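In this text, residue positions in the sequence shown follow UniProt numbering: the first is 1, and each later residue adds one. Structure record follows, encoded as structure tokens.
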Amino acid sequence: MEPVDLKADGFVLDQLTAADAPALLAAVDDDAIGQWLSGYRLPDERAALAFIGYRAWQWAADQRCSWVVRDEDGAIAGEVCLRDLDHHDRNALAVCWTAATHRGRGVAVAALTAALRFGFEEVGLHRVGYRHSVANHASRRVAEKCGFTFEGTLRGAELVHGVHHDLLQWSRLATD
Numbered sequence: 001m002e003p004v005d006l007k008a009d010g011f012v013l014d015q016l017t018a019a020d021a022p023a024l025l026a027a028v029d030d031d032a033i034g035q036w037l038s039g040y041r042l043p044d045e046r047a048a049l050a051f052i053g054y055r056a057w058q059w060a061a062d063q064r065c066s067w068v069v070r071d072e073d074g075a076i077a078g079e080v081c082l083r084d085l086d087h088h089d090r091n092a093l094a095v096c097w098t099a100a101t102h103r104g105r106g107v108a109v110a111a112l113t114a115a116l117r118f119g120f121e122e123v124g125l126h127r128v129g130y131r132h133s134v135a136n137h138a139s140r141r142v143a144e145k146c147g148f149t150f151e152g153t154l155r156g157a158e159l160v161h162g163v164h165h166d167l168l169q170w171s172r173l174a175t176d
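What follows is the structure, given as structure tokens:
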């Protein structure tokens, strides 16, 4: 699948490029992101470039639709993606994060809403799941504002920094 750029309430969702490596590295060098998303720790610019290349490969392989979220000045405000694309069952899992410099500005809700619309209307998804640590209250607010339905708790479902965390499981259907 070819990447598609989206617009969302004053933000642009497009693709990471090699030129973004330093800004990406700075954005994810944040304890709040690392606390919840262990796969986003990038130790250096080389790792950031590998991450950017992997995102492009995942689009091409139809495994993930992902977008860097940029503010009106082009600065990285976060990332949103539909990962684990299952084209047979028409399911995916949504993931998003917001850069510390942009928290409290509606970035995640705007970006996730645009990604969901793309997933349902363009990819043909039927169901998108969303899950987060029970202690991540900001992600809970994102799920609620984006119209997800709470499904339950996944006990000890995610290992982050050597500790298993319970996750709250949400879903959104194309028919919602």
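Here a beta-carbon is modelled for each residue, glycine too, at the ideal position from N, C-alpha and C. Computed from a predicted model, the values in this text were never measured in an experiment.
Continuous alpha helix (DSSP H) stretch holding residue i: start and end
i: LEU116; result: 107-118
Sequence-distant residues of its chain with Cβ nearer than 7 angstroms to residue i (five each side left out)
i: VAL109; result: VAL142, LYS145, CYS146
i: VAL95; result: CYS81, ARG83
i: ASP9; result: GLY106, ALA110
i: GLU72; result: GLY10
Spatially closest choice to residue i from the options, by CA coordinates
i: HIS137; options: GLN35, VAL68, LEU49, ALA8; result: GLN35
i: ASP30; options: ARG105, LEU42, ASP20; result: LEU42
i: residue 185; options: GLY10, GLU72, VAL4, SER139; result: Nothing in the structure corresponds to residue 185, since the chain is present only between 1 and 176.
i: LYS7; options: ALA47, ALA27, VAL107; result: VAL107
i: residue 181; options: THR101, VAL160, GLY152, SER139; result: Absent from the structure is residue 181, since the part of the chain shown begins at 1 and ends at 176.
i: TYR54; options: PHE120, GLU121, ALA18; result: ALA18
i: residue 186; options: TRP57, GLY119, GLY74, GLY104; result: The structure shown does not extend to residue 186, since the chain is modelled only from 1 through 176, so no value can be given for it.
i: ARG155; options: GLU121, SER133, GLY74; result: SER133
i: LEU93; options: GLY74, GLY104, SER66; result: SER66
Endpoints, beta strand (DSSP E) assigned at residue i
i: VAL142; result: Run containing VAL142: none in the beta strand (DSSP E); it sits in the alpha helix (DSSP H), 137-145.
i: ASP166; result: 163-173
i: GLU151; result: 149-160
i: LEU125; result: Per DSSP, LEU125 belongs to no beta strand (DSSP E) and is neither H nor E.
i: ALA100; result: Taken as a continuous stretch (DSSP letters only), ALA100 belongs to no beta strand (DSSP E), as it is neither H nor E.
Cβ of residue i within 7 angstroms of any chain C Cβ
i: LEU13; result: You won't find chain C in this structure, because it holds only one protein chain.
Supposed contact pair residue j and residue i - C-beta distance, whole angstroms, cut 8 angstroms
i: ARG172; j: VAL128; result: 5 angstroms
i: ALA114; j: ALA99; result: Going by Cβ atoms, the distance from ALA114 to ALA99 rounds to 17 angstroms, so no, they are not a contact pair.
i: ALA174; j: LEU112; result: The pair is not a contact, with the Cβ atoms about 15 angstroms apart (cut-off 8 angstroms).
i: GLN15; j: VAL68; result: 7 angstroms
Proximal residues to residue i (C-beta, below 8 angstroms), its chain only, five neighbours per side dropped
i: ALA157; result: ARG131, HIS164, HIS165, ASP166, LEU167
i: ALA135; result: HIS165
i: ASP176; result: GLY147, THR149
6 angstroms Cβ shell around residue i - same chain, five flanking residues per side excluded
i: ASP89; result: none
i: ASN91; result: ARG127
Legend entry - Within the segment 1-76, ranges of the beta strand (DSSP E) (whole runs, at least 3 residues): 6-8, 11-14, 65-70
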